[in-house]
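Chains as they are written, first to last, in this note's numbering: chain L, 662 to 925; chain F, 662 to 925; chain D, 28 to 308; chain C, 826 to 1072; chain V, 176 to 488.
Using N, Cα and C, we set each Cβ at its ideal position, and we do this for glycine too.
Predicted model, so just to flag it, every value in this text is computed and none were measured.
Data block below; observations after.
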Amino acid sequence: MSASAQIVVKDVSHDYRPPVGRVVRALEDVSLSIREREFIALLGPSGCGKSTLLYLIGGFLRIENGRICVDGRAVTAPGPDRGVVFQHFALFPWKTVKGNVLYGLERGKLPRAERETRAQAFIDLVGLTGFEDSYPSQLSGGMKQRTAIARTLAFDPQILLMDEPFGALDAQTRSLMQTELLDIWQKTRKTVIFVTHDVQEAVYLAERVAVMTARPGRIKTIVDTAFDKNDPQIYRARTFVDKVDEIWGLVREEAIKAQGTHAR
Amino acid sequence: MSASAQIVVKDVSHDYRPPVGRVVRALEDVSLSIREREFIALLGPSGCGKSTLLYLIGGFLRIENGRICVDGRAVTAPGPDRGVVFQHFALFPWKTVKGNVLYGLERGKLPRAERETRAQAFIDLVGLTGFEDSYPSQLSGGMKQRTAIARTLAFDPQILLMDEPFGALDAQTRSLMQTELLDIWQKTRKTVIFVTHDVQEAVYLAERVAVMTARPGRIKTIVDTAFDKNDPQIYRARTFVDKVDEIWGLVREEAIKAQGTHAR
Amino acid sequence: MAHVTGVRDRTSRGWRNAPASPFVARIGWGLARSASIVLLLAGWEILARSGTFTPFVLPALTSVLERILADAMSGDLFLGASATLYRALTGFLIAAVGGISLGMAMTRSIGIRWFFDPIISVGFPMPKIAFLPVVILWLGLYDVSKISMVAFEAIFPVVTATIVGIKGVDREIIWSARNMGASNRELLCQIMLPAAFPQIMTGLQVALPISLIVAIVTEMLMGGNGLGGGMMSASRFADSPGVFAGIVEIAAIGYCLIKGMSMLRRRMLLWHQEALEPSTV
Amino acid sequence: MRRTGLRYLPLLLLAIAWELLARLELISSSALPPLSHVVVAWVDLMRSGELVSNGYASIYRAMTGLGLSVLVGSLLGIFMAWWRPLNAFLSPLVEIFYPMPKSALIPVTVIWLGFGDGSKILLIFLGCMLPVTIGAFNGARSSEQALVWSARSMGASRLRMLWDVVLPSALPELLNGIRTALALSFILLVSSELIVARSGFGYLIGFLGADGAYEPMFAVVLTVAFLGFAADRAFQAFMNWMLRWRT
Amino acid sequence: NSAEPVKIRVGWVAPVTNWGTILLEKKDLARHLGKSYVLESMRFAGTPPMVTALANHELEIANLAYSTLAIAIKNAGMDDIRVIADEFRDGVPGWYSQEYMVLADGQIKKIEDLKGKVVATNAAGSAVDIASRAMLRKHGLIANRDYTLIEAPFPTMRAMLAEKKVDLIPAVLPFALNPDLRKIARTLFVQRDAIGVTDMIVWTARKPFIDKNRAAMVDFMEDTLRIVHWYLDPKNHDEVKVIAGRVVKQPPERFNWLFTKNDTFRDHDMRPDLDALQKNVDITHELGFVKSQLDVKQHADLSVLEDAIKRLK
Ligand SMILES: Nc1ncnc2c1ncn2[C@@H]1O[C@H](COP(=O)(O)OP(=O)(O)OP(=O)(O)O)[C@@H](O)[C@H]1O
Ligand SMILES: Nc1ncnc2c1ncn2[C@@H]1O[C@H](COP(=O)(O)OP(=O)(O)OP(=O)(O)O)[C@@H](O)[C@H]1O
Ligand SMILES: [Mg+2]
Ligand SMILES: [Mg+2]
């Protein structure tokens, strides 16, 4: 792919080796190039290795097979250039909503007052005003998820790795969040890798959609999906619906395979 | 409402009193009657109290205000007549997939061999064949959720309380699970309360959809949504789409309110 | 959103099942809490007065209390208690800081783990009292040696608890901090420490009474006033009320320390599951 | 083989340090004899069979006391965490007995149990209970609400739920508490036998020490430490196995 | 004779120097053992637990120092304690007397020099302690006013002195014979200088027990005396050393002094010196360790011992 790719995943395989039980191959020979400030969605059946791929790019898991480069440098460790919204939120239970959002900012160069303002702005953005002092255990599922989103957006990473970030949100909040995300993306020139199960969402948000195969995950196809994100009626457009159907079909194939291949 | 209602929620309010911080009123004067073997969906903006309502019916939280009866008896404690699929799965981390699914069966009267068969059947049903001996920490998000579903379905409760049970599943697996759930519902005459954020899913699965207001949650409206569940093309039917839009509108109103009222 | 503040309308409506007023409830629980102590003390007094035992074997509670009162008036109690407390708490602090640091270092660095892991396994169950002469020769007979003994004995539970706690930290939480640019040191202080804090606190809760015990035992063995020294000389002179006064004083002081510790725990772990009343569904 | 060797190299280093300390007279050899002399004394003790017979008596006491404390301590801790009245009634008692030097309780324990095995087992039991109870109590209180709910909704009775959910949730802290108790049992064993005994490791240490026979005395101390070490290693393996579900 | 032999438990603190530790090493001489009585010897870490054991009837024969004797009778209120035999005496002319030592080349030349210094003792109120207090008091020095008194175990005394942690140590057998100690230290005074002849340790039992089991006790004392005679017989000395060495896991040469003139005096028939004892007890009282005066004669019952001695004649 293009030499100007910002994230290059090359022939990456990953095996989980639990302390007891057998080795699980989660990814196999995954290759993927993502351009700077691209918005790419990752789709695939449950358990196909989407989160694993994100963890690898994030630098959390050791890359044992293959190579992942970000901005031309091999990934070896996590870094604040790549912000992650985790599937299970990974909030700090001993910090309040505000504390969680502030955490990412503390290492930045912002003066204290500005950090506060910024944290508050993102809490407001995700609609958690009034819950600044609540601990994660006192939040509903969707509120936790929104805290996680606010936390990652607040510290303004160059690359966003988002693992089903809107999964626990109601339709309206979700659509609102989508708009905000697109807005931020357009304004701040971020690169986004976005895992979702909602094909419509993927097609609407992303410029390209990568569909993964059943476990062990590979990249099955990459589909271009550049629609006009400012058209509120886009969901009803013929081309849009067809694209959704096409991708749905692709995922479906894999999901059915997954159902079948579990019993290996 | 009808005297033959199986679950009666009458004027229920609920306050959370965290060890520090202010009291949060999650529910206010919620009243709801659910007939035997009815499939009702619960919709509402994030943080409106859906999970709380489920917990109250489940008998987990103390009902301090109002009254909830199941089968004519006031709810005071959880019981195996009401099976719950929790939003965050609540799997036992020290048990394997199989161990988790077996757990609910252990108190039944089934002989051991039959329990094993039944557990395996439900593990197969949710597509986790081959992962019987994995611990929850070794599963992907969607796989955990499916384990939770299998666990609850396996012990065959009369009433199913499901909190966003398909939220972490890909579209295909989700649709498969929907079919299975409907199948089980139709065959075993269960009553189902189903929390979801997917309006389509709600309209498709449920006979009635209850829409809740923004926090503190109340029942805003109840909409009848009895469509033919065996028609695979129902998603495209005009009436269906209109119903979805109508309910979408209702939830949307509340979600917008929720966004606004956070800043009290 | 007036509804959110539910406290006001709660009283006006008089809910069923509503818990009794917090004030009454607190008094009730307070009484329940003292019941066992009262029973114990009453049992003691009755047993002692029944004549089954000579006053040497079991002096009456009242005579012991008289002794404590006398000690308190003369100021001996205060002097002894403060000497013991000083030794116990200083040793405990050293053990706490040292134990947590060592525990954290052991989970971070393979080299440190390699070095200390077997040493802890050997050192923990070692009857360290046998090394008392060595300690005396190196550190003298005064506070330094006693405090060292305390610290040395109390450090082990802290180290193992810290390790267990840190090992149990959810890996996604660590990842999430690393992702936001936390350095190794920040990770340790800002993430591992609070996340493992419940377990570490448990280790400290075990170490505190051990500190007190070791302080008293070393006072008994090496002299040097303090509650332990007092008890030892009382026991040498077959002064039973003195011995039992020591027991009661230690019990009271220990009780306060332990209570303080669990209050600290409650304050610091407000975010934790355990801050809630256990769900009794 | 090589790997175990490397793993326990620090102990070897420690042993060398000991030997040097004593040989270079950095510490008077009357307080700390060289390790090599201690080893020679150990061989003698072993040959005369005294170490074995006394060890048997000691281990019986330690294990009985420890076993009781694990049983009673974990039950107590878990029930105190989950049943408030019990907590209210018992916790003050438990709390005043925790910080007590167990040797100070001797006059009281003799009243009931005399100077035989009973009082030693009681002292070990009381001393070991502290970490077990605290571990069980704190561990039990940190069990997740949703898991409790989950078990209850699948028909587990309250008592059953304690066993099925609260106990496993408490396990990491409880096991660590037991590990501490295991180590303490060896220490307490020696100190209880030091006070009065006719047999046991503490008895040997006591009278050998009283006579200044430090070489055989340290041989006994090392034996205790070694047994403690072996027990601790075995227990850690057990602990890892029990907690294998944690990643 | 009743069918059940009487159980007699003998306590001891110091190995070898207390008869209790080595009686059972010569079982062959105990003719009545297992018939009219059975014997158990128990080690105690010090006298306090021994007094507790006596009070709880967990111990039949306690070997108490003169100071503890007074404490047990007066402070613990066990009025029925009887001195039944002797263990050893200090300061008998021609025999060893406990030494109190200072560094040979140190500043302490005479007792008065100890003002403001640190004096080691094994335990406040012990026989060793009382002698040193009494001696220093004779020279106008009061404990913890004019000098600091600290406690340390006997085996470490030499090192404590060598490392200048303390200025005066009591040197008891066998530590006093350590050549390393002799090299660096000199004797400032001996116990005889302080309080004269001292009946250091006596055997005691409680009167109801003696009265109830007189026959068995006489049998026991008879066996004991026979064993004691054997131990004190110089021609058995080499064998005695081996036994002692075996008991404490030391080379037999370490016990060359045992039961010789280098050792403290042991009465052949275990008869206590009640006059000396009375004086010792009085000093204990004077130093404030016991509440009231004690008449030793009233608390001695040597009839069992005398009967046993008669039998052996
Ligand atoms: N810690 C682990 N140990 C062993 N196997 C694991 C572990 N984590 C994940 N796996 C396995 O790796 C595979 C991929 O997991 P991953 O979480 O990447 O899936 P996913 O695509 O994110 O699925 P989902 O959509 O359900 O979240 C799964 O089959 C899972 O069983
Ligand atoms: N343990 C708690 N302590 C305090 N407040 C709580 C607690 N649990 C929930 N709440 C509050 O109660 C309200 C309702 O929570 P609930 O979990 O019922 O919402 P929900 O409708 O399930 O939301 P979601 O769709 O996001 O899961 C929320 O505003 C939340 O902040
Ligand atoms: Mg995933
Ligand atoms: Mg919810």
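CB-CB length for residue i against residue j, believed under 8 Å
i: residue 83 of chain D; j: residue 252 of chain V; result: 5 Å
i: residue 1008 of chain C; j: residue 152 of chain D; result: 4 Å
Nearest candidate by alpha-carbon position, reference residue i, set the options
i: residue 280 of chain V; options: V:371, V:356, V:368, V:322; result: V:356
i: residue 422 of chain V; options: V:182, V:187, V:181, V:197; result: V:197
i: residue 817 of chain L; options: L:682, L:914, L:867, L:848; result: L:848
i: residue 267 of chain D; options: C:1035, C:996, C:1037, C:933; result: C:933
i: residue 712 of chain F; options: F:856, F:867, F:912; result: F:856
i: residue 867 of chain L; options: L:846, L:881, L:880; result: L:846
i: residue 668 of chain L; options: L:686, L:708, L:728; result: L:728
i: residue 912 of chain L; options: F:776, F:832, F:784, F:821; result: F:832
i: residue 362 of chain V; options: V:276, V:441, V:338, V:409; result: V:276
i: residue 131 of chain D; options: D:164, D:85, D:195; result: D:195
i: residue 709 of chain F; options: L:700, L:765, L:809, L:803; result: L:803
i: residue 238 of chain V; options: V:190, V:360, V:249, V:201; result: V:190
i: residue 309 of chain D; options: D:270, D:91, D:227, D:250; result: Any property of residue 309 of chain D remains undetermined from this structure, which presents chain D solely from 28 to 308.
i: residue 195 of chain V; options: C:1050, C:856, C:1023; result: C:1023
i: residue 826 of chain F; options: F:837, F:815, F:809, F:820; result: F:809
i: residue 984 of chain C; options: C:937, C:1048, C:903; result: C:903
i: residue 847 of chain C; options: C:839, C:838, C:858; result: C:858
i: residue 345 of chain V; options: V:416, V:414, V:306, V:375; result: V:306
i: residue 939 of chain C; options: C:870, C:1021, C:992; result: C:1021
Task: Interface residues of the stretch 184 to 215 of chain D facing chain L [CB-CB below 9 Å] - done: Here the close residues are 197, 198, 199, 200, 201, 202, 203, 204, 205, 206, 207, 208, 209, 210, 213.
Open item on the list: To be precise: take each residue of the stretch 830 to 841 of chain L, compare its Cβ to all Cβ atoms of chain F, and keep it if any distance is under 8 Å. Which residues remain?
Closed with: Listed by position, the residues of the stretch 830 to 841 of chain L near chain F (Cβ gap below 8 Å) are 830, 831, 832, 833, 834, 835, 837.
Open item on the list: So if I threshold CB-CB distances at 9 Å, which residues from the stretch 250 to 261 of chain D count as touching chain C?
Closed with: 255, 258
- [ ] Check whether the stretch 942 to 961 of chain C touches the stretch 990 to 1000 of chain C, counting contact only when three or more Cβ pairs, one atom from each stretch, lie closer than 8 Å.
- [x] yes
- [ ] Report yes or no: do three or more beta-carbon pairs, one from the stretch 667 to 684 of chain F and one from the stretch 789 to 806 of chain L, lie closer than 8 Å?
- [x] yes
TODO: Just list the beta strand (DSSP E) runs in the stretch 751 to 832 of chain F, keeping only unbroken ones of 3 residues or longer that don't cross its boundaries, in chain order.
DONE: 820 to 824
TODO: Please determine if the stretch 475 to 485 of chain V and the stretch 324 to 331 of chain V are in contact, where contact requires at least 3 C-beta pairs separated by less than 8 Å.
DONE: no
Task: Inter-stretch contact (C-beta, 8 Å, three-pair minimum) for the stretch 92 to 99 of chain D and the stretch 944 to 951 of chain C - done: Contact check between the stretch 92 to 99 of chain D and the stretch 944 to 951 of chain C: fewer than three CB pairs, one atom from each, fall below 8 Å, which does not count as touching.
- [ ] Entirely within the stretch 208 to 253 of chain V and at least 4 residues each: give me those alpha helix (DSSP H) ranges in chain order.
- [x] 222 to 230, 241 to 245
Open item on the list: Under 8 Å, with one C-beta from each stretch per pair, do the stretch 208 to 228 of chain V and the stretch 236 to 246 of chain D reach the 3-pair mark?
Closed with: no
Task: Inter-stretch contact (C-beta, 8 Å, three-pair minimum) for the stretch 202 to 214 of chain V and the stretch 388 to 405 of chain V - done: yes
Open item on the list: I'd like to know if the stretch 340 to 358 of chain V and the stretch 286 to 293 of chain V are in contact, where contact means that at least 3 CB-CB pairs between them fall below 8 Å.
Closed with: Flag = yes, the stretch 340 to 358 of chain V and the stretch 286 to 293 of chain V touch.
Open item on the list: Counting only Cβ-Cβ distances shorter than 9 Å, please list the residues of the stretch 683 to 702 of chain L near chain F, keeping chain order.
Closed with: 683, 685, 687
Open item on the list: Check whether the stretch 919 to 927 of chain C and the stretch 857 to 873 of chain C are in contact - that is, three or more C-beta pairs closer than 8 Å.
Closed with: no
Open item on the list: I want to know whether the stretch 1043 to 1053 of chain C touches the stretch 971 to 981 of chain C - three or more CB-CB distances under 8 Å.
Closed with: no
- [ ] Please name the residues in the stretch 902 to 918 of chain C whose beta-carbon is closer than 7 Å to at least one beta-carbon of chain D, in chain order.
- [x] 906, 907, 910, 913, 914, 915, 917, 918
Task: Cβ contact check for the stretch 203 to 219 of chain D and the stretch 137 to 153 of chain D: 3 or more pairs under 8 Å - done: Contact between the stretch 203 to 219 of chain D and the stretch 137 to 153 of chain D is absent, because fewer than three Cβ pairs lie under 8 Å.
Open item on the list: Tell me which residues of the stretch 925 to 941 of chain C have at least one Cβ-Cβ distance to chain V shorter than 8 Å, keeping chain order.
Closed with: 931, 932, 935, 936, 939, 940
Open item on the list: Using a Cβ distance threshold of 8 Å, determine whether the stretch 778 to 795 of chain L contacts the stretch 740 to 753 of chain L, with at least three qualifying pairs required.
Closed with: no
Open item on the list: Measuring CB atoms only, is the stretch 447 to 456 of chain V touching the stretch 364 to 380 of chain V, in the sense that at least three cross pairs come out at less than 8 Å?
Closed with: yes
Task: Contact the stretch 296 to 316 of chain V vs the stretch 1012 to 1023 of chain C: 3+ CB pairs below 8 Å - done: No, because fewer than three Cβ pairs between the stretch 296 to 316 of chain V and the stretch 1012 to 1023 of chain C fall closer than 8 Å, the two stretches do not touch.
TODO: Check distances from the C-beta atoms of the stretch 217 to 231 of chain V to those of chain C and list, in chain order, the residues that come in under 7 Å.
DONE: Those residues of the stretch 217 to 231 of chain V that come within reach of chain C (Cβ to Cβ, closer than 7 Å) are 217, 218, 219, 220, 224, 227, 228, 231.
TODO: Please confirm if the stretch 182 to 189 of chain V is in contact with the stretch 261 to 278 of chain V, defined as three or more CB-CB distances below 8 Å between the two stretches.
DONE: no
- [ ] Check whether the stretch 883 to 892 of chain L touches the stretch 901 to 921 of chain L, counting contact only when three or more Cβ pairs, one atom from each stretch, lie closer than 8 Å.
- [x] yes
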